[in-house]
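>
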Amino acid sequence: MVIVIIVVFLIIIAYDVQGFIRKKERASAVIIYLVLMGISLVVSVLLASGKRPSSPAQWIEAALKMVGVVK
Amino acid sequence: MMEKTQISWIQLFLLLSGFHIGSTVLLSPSAGAGRDAWLAMILGGAGGTLLMWSYAVLSMLNPSKTLVEILRDRLGKIAGTILSFLYVWYFIHLASLVFRDFGEFLCTTTYLETPMVVVIGLFAVVLLYTVNSGIEVLGRLSELLVPVIPVAISIISFSLFTINDFTAVLPILENGLMPVLKGAFGAITFPYGETVAFLMLFPHLNRKDKLKKTVVISAVLSTLLGLLVFFRDLFVIGGDLIGRSTFIPHLTSLLIPEFNVEPLLDINLLIGGGIKISVCVYAAAKALCQITGVQDYRGFTRAVLTFAVVLAIWAYDSVLELFAWTQKVYGFYVIPFQVLIPLLLLLLSLIRKGKPQGEVPDKEGNNNAEAVNA
Numbered sequence: 006m007v008i009v010i011i012v013v014f015l016i017i018i019a020y021d022v023q024g025f026i027r028k029k030e031r032a033s034a035v036i037i038y039l040v041l042m043g044i045s046l047v048v049s050v051l052l053a054s055g056k057r058p059s060s061p062a063q064w065i066e067a068a069l070k071m072v073g074v075v076k
Numbered sequence: 015m016m017e018k019t020q021i022s023w024i025q026l027f028l029l030l031s032g033f034h035i036g037s038t039v040l041l042s043p044s045a046g047a048g049r050d051a052w053l054a055m056i057l058g059g060a061g062g063t064l065l066m067w068s069y070a071v072l073s074m075l076n077p078s079k080t081l082v083e084i085l086r087d088r089l090g091k092i093a094g095t096i097l098s099f100l101y102v103w104y105f106i107h108l109a110s111l112v113f114r115d116f117g118e119f120l121c122t123t124t125y126l127e128t129p130m131v132v133v134i135g136l137f138a139v140v141l142l143y144t145v146n147s148g149i150e151v152l153g154r155l156s157e158l159l160v161p162v163i164p165v166a167i168s169i170i171s172f173s174l175f176t177i178n179d180f181t182a183v184l185p186i187l188e189n190g191l192m193p194v195l196k197g198a199f200g201a202i203t204f205p206y207g208e209t210v211a212f213l214m215l216f217p218h219l220n221r222k223d224k225l226k227k228t229v230v231i232s233a234v235l236s237t238l239l240g241l242l243v244f245f246r247d248l249f250v251i252g253g254d255l256i257g258r259s260t261f262i263p264h265l266t267s268l269l270i271p272e273f274n275v276e277p278l279l280d281i282n283l284l285i286g287g288g289i290k291i292s293v294c295v296y297a298a299a300k301a302l303c304q305i306t307g308v309q310d311y312r313g314f315t316r317a318v319l320t321f322a323v324v325l326a327i328w329a330y331d332s333v334l335e336l337f338a339w340t341q342k343v344y345g346f347y348v349i350p351f352q353v354l355i356p357l358l359l360l361l362l363s364l365i366r367k368g369k370p371q372g373e374v375p376d377k378e379g380n381n382n383a384e385a386v387n388a
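Sequences listed follow chains A and B, in order. The opening position of the first sequence corresponds to residue 6 in our numbering, with each subsequent residue numbered one higher. The opening position of the second sequence corresponds to residue 15 in our numbering, with each subsequent residue numbered one higher.
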């Protein structure tokens, strides 16, 4: 399963980055794209291997608790 | 930078209506108020309409500018870019929440044996095609599909006409005013406040003079449709079950004798949820495109959709965690995105508009009056 996820992600990334290079887009666009896909890939692999990392929803809740908005 | 594509006011109206109905066709944000939720919906509807009207005013004060351009224009490049990134996050998170609602509903009621990631993933592929087709196609699609939603709601409502208890609405305010006010607050943030994503779409409207009217009519009609659905559910299943059920309209539809109308509910969710996710993904991709100076937003749609799908699976362990989080945290988490920042921008835009026209010296040092672009 993990290998399938990695292969699918690599195909999508290769296809899209090729498009960015062909259109001579800015480096910042490629970096943002790679960050989004990189996070998605890492989290997907972790989820597929049964290791769910702490989620943004939990970070948001913790931050709001720290501020005192949520009890 | 701005696409030359345009949508008509009727297309925008249908997109807004579809967006409103998106998740609310399944989940009632005011359900916590029990049988008094109709009061919460009316109060929330009034507040939500006002909020949406303020988004329309903000857009009209900054004609042809998207949210990202307004943020950068009013708050400066650095602060504007940081807030734009936060909005990108919010739009992706919103899309992931709708994906999860959609996945949870279908995997709980219709596709019991199918993994949620498959259901969400397949839906994402279809939506990728839609978003990449452009805003005009999305507008035309809404013209074709959104009218199906009230028809489906009417079919379900009329089918239940014989099993009604009209006294279920009584007693009114049994638990006091607090649950109603909480429900009203919930209704403002979900779904009215979420239309902040449309600040990325409003510049595409071909008749800017009709923007405020379109937004207000859409908000009012969506509130009325929501009230119709709520009263139907209340009269059929009663106030007690309304307060305890997860997917209230689904439970109601199961009570129709003789035939199964569940697919109608699935269709409503596919249309409304699809429009909501498409708008969020378009808004996020467009925002990223404007932040980075890329010509075409389509370069980012795959990354945004992939991240939204992963986030939908990652963010919540179970449906209970999802509902607990949305009830406890969501209302406070979205206040900056839906209320504080847009109102700050509105205030800054009004101040800018009120300023006298600036005088800029020419090369010879003479003062020439020059219009300050709002």
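Built from N, CA and C at the ideal position, the CB exists for glycine as well.
So that I know if they touch, is there some Cβ in chain A lying closer than 8 Å to that of Val318 (chain B)?
As a first step, residue 318 (chain B) is located in the second sequence; it is residue number 304 there, counting from the start. It does; some Cβ of chain A falls within 8 Å.
> Can you list, in chain order, the residues of its chain whose CB lies under 6 Å from that of Asn387 (chain B), leaving out five sequence neighbours each side?
Here residue 387 (chain B) refers to the residue found at position 373 when the second sequence is read from its first residue. The predicted position of Asn387 (chain B) is uncertain, since its pLDDT is 41 and thus under 50; a value taken from the coordinates is nonetheless stated next. Excluding positions up to five away in sequence, the list is empty.
> Can you check whether the C-beta of Glu373 (chain B) is within less than 8 Å of a C-beta belonging to chain A?
Taking the second sequence and counting its residues from 1, the one referred to as residue 373 (chain B) is at position 359. Because the pLDDT of Glu373 (chain B) is 46, which lies under 50, any placement of that residue in the model is unreliable, and the question is left without a value.
> Would you call the stretch 256-268 of chain B and the stretch 69-79 of chain B touching, i.e. three or more CB-CB distances under 8 Å?
no
> Does the separation of the CB atoms of Phe119 (chain B) and Phe137 (chain B) fall below 8 Å?
In the second sequence, the residue the question calls residue 119 (chain B) occupies position 105. In the second sequence, the residue the question calls residue 137 (chain B) occupies position 123. No, the pair does not count as a contact, with Cβ atoms beyond the cut-off.
> What first and last residue would you give for the alpha helix (DSSP H) that runs through Ser49 (chain A)?
Start at 1 with the first residue of the first sequence, and residue 49 (chain A) comes out as number 44. Bounds of the alpha helix (DSSP H) holding Ser49 (chain A) are Ala32 to Ala53.
> Would you list the one or two residues that DSSP bridges to Leu219 (chain B)?
Within the second sequence, residue 219 (chain B) is the residue found at index 205, counting from 1. B:Ile21.
> Using a Cβ-Cβ cutoff of 8 Å, what residues of the stretch 98-117 of chain B are near chain A? List them in chain order.
Within the stretch 98-117 of chain B, the residues whose Cβ lies closer than 8 Å to some Cβ of chain A are His107, listed in chain order.
> Taking Cβ-Cβ distances shorter than 7 Å, what residues in chain B pair up with Ala62 (chain A)?
Within the first sequence, residue 62 (chain A) is the residue found at index 57, counting from 1. Contact annotation for Ala62 (chain A) against chain B: Ala329, Tyr330 and Trp339 [CB-CB distance below 7 Å, chain order].
> Which residues in chain A sit within 9 Å of Gly307 (chain B), going by Cβ to Cβ distance?
Working through the second sequence from its first residue, we reach residue 307 (chain B) at position 293. Within chain A, the residues near Gly307 (chain B) are Glu30, Arg31, Ser33 and Ala34.
> Can you tell me whether DSSP reads Val22 (chain A) as helix, strand or coil?
Taking the first sequence and counting its residues from 1, the one referred to as residue 22 (chain A) is at position 17. Looking at Val22 (chain A) - three-state DSSP - the assignment turns out to be helix.
> Just tell me which of B:Tyr311, B:Pro356, B:Thr19 and B:Ala45 has its CA closest to the CA of Val151 (chain B).
Counting from one through the second sequence, the residue named residue 151 (chain B) turns up at place 137. Among B:Tyr311, B:Pro356, B:Thr19 and B:Ala45, the Cα nearest to that of Val151 (chain B) belongs to B:Thr19.
> Whole angstroms is fine: what's the gap from Gln352 (chain B)'s alpha carbon to Thr203 (chain B)'s?
Your numbering for residue 352 (chain B) matches position 338 in the second sequence. Your numbering for residue 203 (chain B) matches position 189 in the second sequence. Distance between the alpha carbons of Gln352 (chain B) and Thr203 (chain B): 7 Å.
> Using only alpha-carbon positions, find the residue among A:Leu69, A:Ile37 and A:Trp64 that is nearest to Phe99 (chain B).
For the purposes of this step, residue 99 (chain B) is identified with residue 85 of the second sequence, where counting begins at 1. It is A:Ile37.
> Mind checking Pro58 (chain A): buried by the 16 CB within 10 Å criterion, or exposed?
Here residue 58 (chain A) corresponds to residue number 53 of the first sequence, with the count starting at 1. Its Cβ having fewer than 16 others within 10 Å, Pro58 (chain A) is exposed.
> Determine the chain A residues that contact Gly61 (chain B) at a beta-carbon separation under 7 Å, and present them in chain order.
Here the question's residue 61 (chain B) lines up with position 47 in the second sequence. Residues of chain A passing the Cβ test: none, with the nearest at roughly 20 Å.
> Of the residues that make up the stretch 339-371 of chain B, which ones have a beta carbon closer than 8 Å to any beta carbon in chain A?
Trp339, Lys342, Val343, Phe346 and Tyr347
> State the Cα-Cα distance for the pair Tyr344 (chain B) and Leu65 (chain B), rounded to the nearest angstrom.
To locate residue 344 (chain B), count along the second sequence from 1; it is residue 330. To locate residue 65 (chain B), count along the second sequence from 1; it is residue 51. Going by the C-alpha atoms only, they are around 17 Å apart.
> On a Cα-Cα basis, can you pick out the residue from B:Gly197, B:Lys369, B:Ala211 and B:Ile170 that is closest to Pro271 (chain B)?
Locating residue 271 (chain B) in the second sequence gives position 257, where the first residue counts as 1. Answer by Cα proximity: B:Ile170.
> Name the chain A residues that come within less than 7 Å of Val324 (chain B), Cβ to Cβ?
For the purposes of this step, residue 324 (chain B) is taken as residue 310 along the second sequence, with counting starting at 1. Result: Ser45, Val48 and Ser49.
> Who are the neighbours of Leu136 (chain B) on chain A, taking C-beta pairs under 9 Å?
To locate residue 136 (chain B), count along the second sequence from 1; it is residue 122. Near Leu136 (chain B) there are no residues of chain A at all, since even the closest Cβ is about 14 Å away, more than 9 Å.
> What are the residues in the stretch 284-304 of chain B lying within 9 Å of chain A by C-beta distance?
Leu302 and Cys303
> Just mark Ala297 (chain B) as buried or exposed, buried being the case when its beta carbon has 16 or more other beta carbons within 10 Å.
To locate residue 297 (chain B), count along the second sequence from 1; it is residue 283. Its Cβ being crowded by 16 or more others within 10 Å, Ala297 (chain B) is buried.
> For a cutoff of 8 Å on Cβ pairs, would you count Met42 (chain A) as touching chain B?
Within the first sequence, residue 42 (chain A) is the residue found at index 37, counting from 1. So yes, Met42 (chain A) belongs to the interface.
> Could you check what DSSP says for Ala47 (chain B) in three-state terms: helix, strand or coil?
Locating residue 47 (chain B) in the second sequence gives position 33, counting from the first residue. Three-state DSSP puts Ala47 (chain B) in a helix.
> I'd like to know if the stretch 181-195 of chain B and the stretch 240-253 of chain B are in contact, where contact means that at least 3 CB-CB pairs between them fall below 8 Å.
yes
> Could you give the C-beta distance for Ile35 (chain B) and Ser292 (chain B), rounded to a whole number, given that I count them as a contact under 8 Å?
Translated into positions along the second sequence, residue 35 (chain B) becomes position 21. Translated into positions along the second sequence, residue 292 (chain B) becomes position 278. Contact flag wrong, Cβ pair sits at about 14 Å.
> So the candidates are B:Gly190, B:Gly313, B:Val194 and B:Gln341; which of them puts its Cα closest to the Cα of Val22 (chain A)?
By 1-based counting over the first sequence, the position of residue 22 (chain A) is 17. It is B:Gly313.
> When the Cα atoms are used, what is the spatial distance from Phe175 (chain B) to Phe245 (chain B)?
The residue you call residue 175 (chain B) lines up with position 161 of the second sequence. The residue you call residue 245 (chain B) lines up with position 231 of the second sequence. In this structure, the alpha-carbon of Phe175 (chain B) lies about 12 Å from that of Phe245 (chain B).
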